[in-house]
Each structure stands twice: as structure tokens, then as C-alpha cells.
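Novice:
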DNA sequence: ACCGCTTTGTGCACGAGTTCACAATCGGTC
DNA sequence: GACCGATTGTGAACTCGTGCACAAAGCGGT
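Written out as C-alpha cells, the structure is:
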């Protein structure tokens, strides 16, 4: 019964690529393509064919030698491994520009993620409805999390409030956090945090820009 | 004269962490702290002390044994290595919710990034002013890039338009792209692309949620 | 001028991730 | 029913990143 489970727990790097494969496959499926080779899929996903095959091999042997992968079946398998066959409730904290954008993001609705509520500290915003989701006051955060069994918290507050919000989320049982605030969050080991940081991305690009400029000047 | 240049080109993983150090250091500087040990800095940045020291060692020997690092000096050195002592012009394409949020993001103004213009395909939005930046029509993209010597393009359009916009950016000389659209962009090797993808982050969190749920069930 | 305390910088071993190359295996064809 | 071209799955070499442990080096007190 635990036939699928005792896999040597897929590597983090692989997990980070699976969603990309999933998206590309979904595109293929909509285009009416029934099977793909590792070559095609790798091309579309922007990785090497060998890496792709190794990634997929980590989750089982779903593929036919000489033919390729069945698109629908692979979509199902990746979804299952990623845990997308279940449903997750998400709460978004902070209704600034970013919170707005996140609430309207289509990616939430699809693929098993449901936004339970938007939450903000500013009472003036409470009662609004954004993208069909009601805005509630942050005092109610704990209530909302319990009520909707929220497991993922998204932090879109100013940096100064982020750690505080995070502590409260963790305090009432949230075990995964997606942080958009430019701070390093402090959490217990049992909680997963992923951060999205615009200014870091820009600075990395700046580094490469400079590198290119320098190597050009050296010629 | 090329004393600094012939470093063995800092590793990608290190470059990705330098902006974090920089931010933490800036916080320390504002708090009036003059020197930090690798221990303190590592703690605040959420990494191990050894890794931090190795990272910093890759850009030179700025630090005093028995004492630590001078905050201001280290800020300067990291800024220099990242290329933040120069100025970069950025163009943001797509004025949806996300484009709005990005335009208002404080991280742009500081640290040498200047938003040359917001650009959108929708004529109805042209002429608006968002966060002090004028919205112009996407037909003018090429003109704007030339005029302001834009080197970084930010794509905040729907997925369907992203590749097209990207091609045009690359076509008129942009060599770094920050992509928020959920697609894999196709670019020549000479162009750097970094992607920020909300739905991917969520799916990765979902995977870990599931993993935690399973290992809990096994107990 | 020396000594001891503190903290950096780094050599080394280890582990994770990537790439190559090829054997194993499938569907189709004669 | 056996061959053939195509494509997967994977062992093995290699590269890259991380963590440990310690020698080198500075500062302050005596």
C-alpha cells in the first residue's frame, strides 16, 4: 500500500522544476498533443533532456521507451507528487498594491489553491471585496485560519510588520509561508518559508549587467 | 590596475546571497552599529557563519580578525561588487495589478534603479501617472529603451504577450530581463533572464505540505 | 613586549546536483 | 516472430556548493 511512498524523497532542485514541467504539459494538452518525448518537453521547459528524464525518473517510471510520455498521464502523476490533488486554503495578509495583485492572480484559483480571505490592519479597507474575496481585519487572522483550515500564509505587508504577522500565522498552525516582504523571517524548523524578493532579483541582474559591461570593456 | 577584476568570478549562489547581506547591513548601519561579527551577520541573514565568511572572502579580505567587519565599508564593497555604484534604467511592461504594485515598490527608487517608464498595450491607460511615472504606449517601447539607455526590462504582462515583449526588448538591446509572466522565455545566451513565478512557489509549498502531512500520518 | 582572547580566512572532505553515455526496452514493419 | 529505429531510465564521472575545523592574525591588557 505504501508502494509510492518509500521513494527516497525527491530532491529540492527537482521539486522546483516539476511545476514548470506541469505548466508546459498543460499547454501541450490544450493543444491536443497526446505524447511528448523528453527532447520536446525539455526544450519547452528550458532544461536539458537528461536532466528532465532524471527528474521524472525520481517519481516513477512513467514513460514508454521508443515513444515518450503520455501527456495526460504525466500531468496526473506530477500533480499527485506535488500534492495538487488535494486542496489548500491560503490567506493573504496585506492589501496594498501587491496584495491586490496577488488576489487577482489567476494562479490561485486553479490547481487547488483557494484564497480564504484577504487580511489587513487598516480598518478602512475592511469590508471591501477584491476579486470576489472579502477583506477582513487582521485581528480576525487566528479565527480565519482555524475556520478555513488555512495551511499556507502569504505575507504581502510592509517589512516592518512581516515578522509579527509571520509569528501569528505560525502561532495558529500555519506551516508554510510565502514571504514578499524584504526581510529574513525567523521561524521554527518545522515551518517552510519561501521568499520572493524583487530588489534581490534586480541586484542579481545588476551584477550580471556589470560583468557583461566589464568583459566588453576588456576586449 | 585590474587588481580587483581577475577574481575567479564569484559563484552564482554567492551572488544571490549578497543582496541579503547588503540589506541586513544597511539595517545595522541605520541602527548605528559600526562593526559586526560573521556570527551576528550570519544570524541576521539566516545563513551559517562559515558560509557567510566564505561568501565574503570571494570578494576580498575586508574584515579584521578578532573584531569583525566594518559595517559601512562592507556595505560599500558589496555594493561595488554587485554593480550598484552605477545606475540602471528599468522599463516595466504591463500595467495590470502587478505592474502597479511594481511601480510603487520602494526598492526601485533606492540603490541605483530608476524606472524610465511604464508601458502598456492598452491605449486607455496611456497618459496616466503612477507613482510619479508616466504610462506610455507599448509602440514606443523601442524609443524609450534607446532614449533612456534601458538595460533591464521587467515583464508584467499576461503570459500570452510575454515572449513577444521579450523579443522586442532583446531586439533593441536590453540584456537583462525580469519575468513575472508564467512562461519560459526564449532568449539568446547573451541575455540574462530571471523569473518570479507565484504559482510555482505555491506548488513547491504544496509539495512540502503534503510531505509533512504524510510523515505525520505514518507516526 | 608579550600573552591570551577573539574572530577571520581557508584547506579539505563531503554531499548534492548535473551531464554523459549507453544498455534496456518498446512499437512498428516485413 | 524476429529485426530496427527511437527513446527512456540510469550508472558513473564530474562539477558545484556546503560545513567543519583550525591555523593565521589582530586587539587589549599587563
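Residue numbers (my numbering), protein chains in the order written: chain A, 157 to 375; chain B, 157 to 375.
Cβ coordinates follow ideal geometry from the N, Cα and C atoms, glycine included.
What ranges does the alpha helix (DSSP H) occupy inside the segment 250 to 276 of chain A, keeping only unbroken runs of at least 4 residues that lie completely in it?
Specialist: Whole alpha helix (DSSP H) segments, 4+ residues: 253 to 260 and 262 to 265.
Novice: By the criterion of Cβ-Cβ separation under 9 Å, what are the contact partners of residue 196/B in chain A?
Specialist: The contacting residues do not exist; residue 196/B stays about 13 Å from chain A at best.
Novice: Check this for me: beta carbons of residue 273/A and residue 247/A, under 9 Å apart or not?
Specialist: Yes, the Cβ-Cβ distance between residue 273/A and residue 247/A is below 9 Å.
Novice: Is residue 225/B closer than 9 Å to residue 266/B when the C-beta atoms are compared?
Specialist: No.
Novice: Note down, one range per segment and in chain order, each alpha helix (DSSP H) of at least 4 residues found wholly within the segment 303 to 335 of chain B.
Specialist: Runs found: 315 to 327.
Novice: Counting pairs of beta carbons, one from the segment 196 to 210 of chain A and one from the segment 253 to 265 of chain A, are three or more of them closer than 8 Å?
Specialist: Because the criterion of three Cβ pairs below 8 Å is not met, the segment 196 to 210 of chain A and the segment 253 to 265 of chain A do not touch.
Novice: Alpha helix (DSSP H) containing residue 364/B: first to last residue?
Specialist: It spans 354 to 373 - the alpha helix (DSSP H) in which residue 364/B sits, taken as one unbroken run.
Novice: Three or more C-beta pairs closer than 8 Å, one from the segment 310 to 330 of chain B and one from the segment 333 to 341 of chain A: is that the case here?
Specialist: Cβ pair count under 8 Å is below three, so no.
Novice: Of all the CB atoms in chain A, is at least one closer than 9 Å to the CB of residue 210/B?
Specialist: It does not; no Cβ of chain A falls within 9 Å.
Novice: Quick check: is the beta carbon of residue 353/B nearer than 9 Å to any beta carbon in chain A?
Specialist: With 9 Å as the cut-off, residue 353/B counts as an interface residue toward chain A.
Novice: Where do the N-terminal and C-terminal ends of the beta strand (DSSP E) with residue 290/B fall, by residue?
Specialist: Segment 289 to 293, the beta strand (DSSP E) holding residue 290/B.
Novice: Is it buried or exposed, residue 179/A, if we count other Cβ atoms within 10 angstroms and call 16 or more buried?
Specialist: Classification for residue 179/A: buried.
Novice: What does residue 154/A touch in chain B if you count any residue whose Cβ is under 7 Å from its own?
Specialist: Lying before the first or after the last residue shown, residue 154/A is absent from chain A, which here runs from 157 to 375.
Novice: Report the rounded CA-to-CA distance for residue 245/B versus residue 168/A, giving the unit in angstroms.
Specialist: Spanning the two alpha carbons is a distance of roughly 35 Å.
Novice: Using a Cβ-Cβ cut-off of less than 8 Å, list which residues of the segment 270 to 292 of chain A approach chain B; keep chain order.
Specialist: Answer in chain order: no residues at all.
Novice: According to DSSP, is residue 286/A part of a helix, a strand, or is it coil?
Specialist: Note: residue 286/A maps to strand in three-state DSSP.
Novice: Given that a residue counts as buried once 16 or more other Cβ atoms are within 10 Å of its Cβ, and exposed if not, what is residue 370/A?
Specialist: Residue 370/A is exposed by the Cβ-count criterion.
Novice: With a cut-off of 8 Å on the beta carbons, I'd call residue 218/B and residue 197/B a contact; round off their distance for me.
Specialist: Going by Cβ atoms, the distance from residue 218/B to residue 197/B rounds to 12 Å, so no, they are not a contact pair.
Novice: Near residue 230/B, which residues of its chain fall below 7 Å by C-beta distance, leaving aside the five closest residues on each side in sequence?
Specialist: Closer than 7 Å at the Cβ level, and outside the excluded window around residue 230/B, lie 181 and 218.
Novice: Please identify, using Cβ separations under 9 Å, the residues of the segment 328 to 347 of chain A that lie next to chain B, in order along the chain.
Specialist: Cβ contacts with chain B come from 331, 332, 333, 334, 338, 339, 340, 341, 342 and 346.
Novice: Return helix, strand or coil for residue 171/B, following the three-state DSSP convention.
Specialist: In this structure, residue 171/B counts as helix in the three-state DSSP scheme.
Novice: So for residue 347/B, helix, strand or coil by DSSP?
Specialist: Note: residue 347/B maps to coil in three-state DSSP.
Novice: When the Cα of residue 239/B is compared with those of 295/B, 257/B and 269/B, which residue comes out closest?
Specialist: Minimum Cα distance to residue 239/B is reached at 269/B.
Novice: Please list the terminal residues of the continuous alpha helix (DSSP H) segment that includes residue 242/B.
Specialist: Where residue 242/B is concerned, there is no enclosing alpha helix (DSSP H), given that its DSSP letter is neither H nor E.
Novice: Please list, in chain order, the chain A residues whose beta carbon lies closer than 9 Å to that of residue 267/B.
Specialist: Those within 9 Å of residue 267/B in chain A are 355, 358, 359 and 362.
Novice: With a threshold of 9 Å between beta carbons, is residue 302/A in contact with chain B?
Specialist: So no, residue 302/A is outside the interface.
Novice: In this structure, how does DSSP classify residue 231/B when only helix, strand and coil are distinguished?
Specialist: If DSSP states are grouped into helix, strand and coil, residue 231/B belongs with the helices.
Novice: Can you give me, in chain order, the residues of the segment 177 to 188 of chain A that have a beta carbon less than 8 Å from any beta carbon in chain B?
Specialist: Those would be 178, 179 and 180, in chain order.
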